[in-house]
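So the protein lines, in turn, are chains A and U. So that you can map any letter, position 225 of the first sequence is 243 in my numbering, and since no number is skipped, the others follow by simple counting. So that you can map any letter, position 192 of the second sequence is 1037 in my numbering, and since no number is skipped, the others follow by simple counting. We put the CB at the ideal spot given by N, CA and C, even for glycine. This one's a predicted model, so the numbers in the text were calculated from it and none came from an experiment. The structure appears below as structure tokens.
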Amino acid sequence: MSTPVRTSRRSSIRGGETASGWLFTAPMIVLLGMFLVVPVLMALWVSFSDWNGRGSPFSSTVSFVGVDNYSALLGGGGLAEQDFGTALRNNAWYVLLVVPIQTMLSLFLAVLVNRQILRGRGFFRTAFYFPSVTSSVAITVLWLFLFSSTGAVNKLLAFIGINGPNWFNDPSGVLHNILGVFGVENGPAALTGNSFLGISFWEWLAGPSVAMSAFILMAVFTTSGTFMLLFIAALQNLSGDVVEAAVMDGANGWQRFWRVTLPQLRPTLFTVLTLGLIGAWQVFDQIYTGTQGGPGKTTLTPAYLSYQSAFTNQAWGQGAAIAFILFVIIVVFTLFQRWVLAERKVSARRMRPYLQSPTSGGFK
Amino acid sequence: MQRRNSRWLIGAGLFTVGALTLTACGSGSGFSDNAANTDGELTSDSSQGLNILIGSSGDAETASVNAAVAAWSKTSGTDAKVSVASDLNQQLAQGFAAQKPADVFYLSTDALAGYASNGSLLAYGNDLANKDDFYPSLVSSFTYDGDFYCAPKDFSTLQLIINTDLWAQAGLTDADIPTTWDGLATVSKTLTTGTQVGLAVGGEYARLGAFMAEAGGSLMNADGTEATANSAENVAGLEYAQTLLNDGVMSYASDIGAGWGGEAFGKQLSAMTIEGNWITGAMQNDFPDVKYTVAELPAGPEGKGTLQFTNCWGIAADSPNQAAALDLVEHLTSKDAQITFSKEFGPMPSIMSAAEDWKSANPTLVPFLNGADYAKGVPNVQGSADVVSDLNAQLESLKTGDPQAILDSVQKNLEALVK
């Protein structure tokens, strides 16, 4: 196997092309290596070292500490573990709500503005896309004003007789609040007594805090426009004849969307979900400019915690370790949804109507 | 297969070369481990100018520091450049990692331990000509492992700020200014009306801790060697605050739509607040029409108590010209310089010899300086900032929380830091 390859490479008149190929890609490889691969590997080393932020992480005073940084986060029993657990809890709820809502909303908007009969489609497309091109810092500041205790949102709620919460200062969990309405103030002992990553299961189930909910609304508001654009592009690529065929077969609008249009959007759906997952797990700007993790640490996220551990607490190893755990989480989630969205053979149940034996389907 | 292997080899080779290059860059200075020469001579490479990094509160402070540094630069003949950091912690950290830090910089108490423990800071406190002039409690805030690291720049204490108009409207006189916890509860109740609450405070340790100090407690002992967070005194302090909250005579600023106590006070959402002397600037700029007076916080069961906050002038261990930096810091903490600073942007001088001058220049603010006699510092052990932010998170729901349980968790976290 290897011999022909080698001879062909030597003798081929195209032999020189390999060298030129390398030459032309070299600048990019060097740039990517320098600013991407090497820093990532350096950070990986830092996460296994006791580097404390002074001088080079490769100097002789820095030593390898094994998985100490990781074990402090995942089972140290101290504040580091508790903070990490809290950050994961907050971000998990954020992802759980942001990703499905923004995907559904952006698909809905895309279908809406893709309709031929809609007047002023250009206007709506621009309007929906507008939040996406505005800087997240500017939107965060706007949000802080809108959702202040005497802000526009609460004024609006007061108008319809609702006493709005003190959004960015309310650390109470939404699910806990809903349970509180039904008189459930404290969880069962099975939930409050046992804990994972330093916080009890009852706290895991608190839901996003009211403050985090405001950030969830903001994420949905800002990113739906971007994903709407992806869905519009995909929708415009679909050929009309498949839909026409479905019409001829008597499928109604609802069936056409679910059975014909949506399956064809699968690659775009995968892109949107993946980008959404990654963006939602890495949420940082909003927290940094908005709440810095407060109130009651309920808007702390792993990305912000990583920054805080490193830059304010000089726990650089732990900060890097958080970043890599976050990386693993994102990869696992992406693989999982890749598996969910994978093309599969049509199930036997679905196939049954089409597998009629020739005799029974015979002459009608 | 062969081809694939060779590709891998090339890739790995490129990567190794890259990594080695970076390593070489990182440790290029070579002598990275001998910089923390606290016992030896100070470096004095006079060819190098000084870089000063400050976290400024505003234009007044920047201009004032610039002027003071320029004056020193002129007399000493050493170049000096002041930069204002947008994110002080981050810029300091980058400088230390690159071993090209600013020579002189603002340093907060909670950042001290982290930088001191990794050898980034020069422990120059004992070399200061005026070291005995600093308030002892400030010196202990900047002492880590027995070494006095850096000269306190200035300090603030918390006291009670009273809106004089609302005070008079409620029929209260100077004789009613509270001196005990009961007195404070009573006037807070009198001052609470439909539109305003008697007392507004920030819902965090840096304000509520004053109640703990009045009850005689503190999170750690004076040396910072032992956690004392769940002492009966601290519990009593928080329980008192909880009572005021539940009686509706005290509110957190955030609960009444203000960002901090000063804003609630300025907007007259509250008749009193507990803040430090930084409030004077905010009142002057944002709420010039609100008249107020400053009183010492009422005494708790264990007498007077308050919290103090301070920053220091850090000097980098990697600075090539430590001698000049030390000289600059001595100049910036001298009586003249500190009196000028306080005139121009309001901080309280960190040296005792300037106290009388400051008091006569600021007669209405005397209670703040009086606090220096009994004020307690905030914990400065490494990692304490995290513990305090965790405490702050729990204090946000103090109204319904259990003070003992809150402080027990703080005790557990602090013990983990000092063991």
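Between residue i and chain U, is any beta-carbon pair separated by less than 8 Å?
{"i": "L97(A)", "result": "yes"}
{"i": "T331(A)", "result": "A small correction: the amino acid at residue 331(A) is Asn; Thr does not occupy that position in the sequence shown. Yes, its Cβ sits closer than 8 Å to a Cβ of chain U."}
{"i": "P313(A)", "result": "yes"}
{"i": "G71(A)", "result": "yes"}
{"i": "P189(A)", "result": "yes"}
{"i": "T168(A)", "result": "yes"}
{"i": "N184(A)", "result": "yes"}
{"i": "D303(A)", "result": "no"}
Span of the alpha helix (DSSP H) holding residue i?
{"i": "F219(A)", "result": "F219 to W222"}
{"i": "A145(A)", "result": "R139 to V151"}
{"i": "Y1219(U)", "result": "It is not in any alpha helix (DSSP H) - Y1219(U) carries neither H nor E in the DSSP assignment."}
{"i": "A44(A)", "result": "G33 to L50"}
Please list the terminal residues of the continuous beta strand (DSSP E) segment that includes residue i.
{"i": "T1118(U)", "result": "S1115 to E1120"}
{"i": "S953(U)", "result": "V949 to S953"}
{"i": "N1237(U)", "result": "Segment S1229 to L1240 is the alpha helix (DSSP H) holding N1237(U); no beta strand (DSSP E) there."}
{"i": "D833(U)", "result": "Nothing about residue 833(U) can be read from this structure; chain U reaches only from 846 to 1264."}
{"i": "A1045(U)", "result": "V1042 to V1046"}
{"i": "L164(A)", "result": "Where L164(A) is concerned, there is no enclosing beta strand (DSSP E), although the alpha helix (DSSP H) it sits in stretches over S154 to L164."}
{"i": "V927(U)", "result": "A925 to V929"}
{"i": "W1158(U)", "result": "T1151 to I1160"}
{"i": "N181(A)", "result": "Note, N181(A): premise wrong, no beta strand (DSSP E); not H, not E."}
{"i": "S1096(U)", "result": "M1095 to Y1097"}
{"i": "N896(U)", "result": "L895 to I899"}
{"i": "Y306(A)", "result": "Unbroken run through Y306(A) is the alpha helix (DSSP H), D303 to T307; no beta strand (DSSP E)."}
{"i": "T1138(U)", "result": "Y1137 to A1140"}
Taking CB distances under 8 Å as the criterion, tell me whether residue i reaches chain A.
{"i": "N934(U)", "result": "yes"}
{"i": "G959(U)", "result": "yes"}
{"i": "Q944(U)", "result": "yes"}
{"i": "F941(U)", "result": "yes"}
{"i": "A1261(U)", "result": "yes"}
{"i": "E1201(U)", "result": "no"}
{"i": "V927(U)", "result": "no"}
If you drop the 5 nearest sequence neighbours on each side, which residues of the same chain put their C-beta closer than 7 Å to that of residue i?
{"i": "W1105(U)", "result": "G1047 and A1098"}
{"i": "A794(U)", "result": "Because chain U here runs from 846 to 1264, residue 794(U) falls outside it and cannot be looked at."}
{"i": "L983(U)", "result": "P997, F1000, T1155 and S1195"}
{"i": "Q1172(U)", "result": "The residue you asked about is not Gln; residue 1172(U) is Asp in the sequence shown. Only S921 meet the Cβ criterion."}
{"i": "W1026(U)", "result": "Y1085, P1143 and G1145"}
{"i": "S67(A)", "result": "P75, V80, S81, F82, V83 and G335"}
{"i": "Y306(A)", "result": "Y322"}
{"i": "A1220(U)", "result": "S982, T1002, T1151, L1152 and Q1153"}
Using 8 Å as the threshold, is the C-beta distance between residue i and residue j below it?
{"i": "F245(A)", "j": "Q134(A)", "result": "no"}
{"i": "A930(U)", "j": "G894(U)", "result": "no"}
{"i": "P313(A)", "j": "A229(A)", "result": "yes"}
{"i": "V1263(U)", "j": "T1073(U)", "result": "no"}
{"i": "G1049(U)", "j": "L1240(U)", "result": "It is Glu, not Gly, that sits at residue 1049(U) in the sequence shown. Yes, the pair counts as a contact, with Cβ atoms nearer than the cut-off."}
{"i": "G301(A)", "j": "A321(A)", "result": "For the sequence presented, residue 301(A) should be read as Val rather than Gly. Cβ distance < 8 Å, so V301(A) and A321(A) count as in contact."}
{"i": "Q304(A)", "j": "S154(A)", "result": "yes"}
{"i": "L323(A)", "j": "A105(A)", "result": "yes"}
{"i": "L1011(U)", "j": "A1109(U)", "result": "no"}
{"i": "Q1087(U)", "j": "L1236(U)", "result": "no"}
{"i": "S953(U)", "j": "F1190(U)", "result": "no"}
Can you list, in chain order, the residues of its chain whose CB lies under 8 Å from that of residue i, leaving out five sequence neighbours each side?
{"i": "Q355(A)", "result": "F288, L291, T292 and L295"}
{"i": "L193(A)", "result": "L223, A224 and G225"}
{"i": "V261(A)", "result": "R274, V278 and T279"}
{"i": "M1197(U)", "result": "D978, F979 and Y980"}
{"i": "L130(A)", "result": "L136 and F142"}
{"i": "C870(U)", "result": "With a pLDDT of only 44 at C870(U), under 50, the local geometry of the prediction cannot be trusted, and the value read off the model is given with reservation. For C870(U), where only same-chain residues beyond five positions count, there are no Cβ hits under 8 Å."}
{"i": "K1188(U)", "result": "A1206"}
{"i": "L867(U)", "result": "Since pLDDT at L867(U) reaches only 47, below the 50 mark, its modelled position is unreliable, and the value read off the structure follows with that caveat. Hits under 8 Å: none found."}
{"i": "S227(A)", "result": "N108, D188, P189, S190, G191, V192, P313, G314, T316 and T317"}
{"i": "T1209(U)", "result": "T1138 and V1139"}
With hydrogens ignored, establish whether the beta-carbon of residue i is closer than 7 Å to any heavy atom of the ligand FAD.
{"i": "G71(A)", "result": "Only the bare structure without any ligand can be found here, which leaves the ligand FAD out of the picture."}
Which residues in the same chain have their Cβ closer than 6 Å to the Cβ of residue i, if we skip the five residues on either side of it in sequence?
{"i": "G1054(U)", "result": "L1152"}
{"i": "L1064(U)", "result": "A1074 and P1224"}
{"i": "F219(A)", "result": "L209 and N212"}
For this session: Decide if the region 965-976 of chain U is in contact with the region 1117-1131 of chain U; the criterion is three or more beta carbon pairs, one per stretch, under 8 Å apart.
Result: no
Exercise. How about the region 938-952 of chain U and the region 1210-1230 of chain U: do they share at least three Cβ pairs that are nearer than 8 Å?
Worked result: In short, these stretches do not touch, since the Cβ pair count stays below three.
Exercise. Quick check: the region 1151-1164 of chain U against the region 1019-1038 of chain U, are there 3 or more CB pairs under 8 Å?
Worked result: no
Exercise. Is there contact here, the region 265-273 of chain A with the region 232-241 of chain A, by at least three beta-carbon pairs under 8 Å?
Worked result: Not touching, per the Cβ criterion.
Exercise. Is there contact here, the region 323-339 of chain A with the region 53-71 of chain A, by at least three beta-carbon pairs under 8 Å?
Worked result: yes
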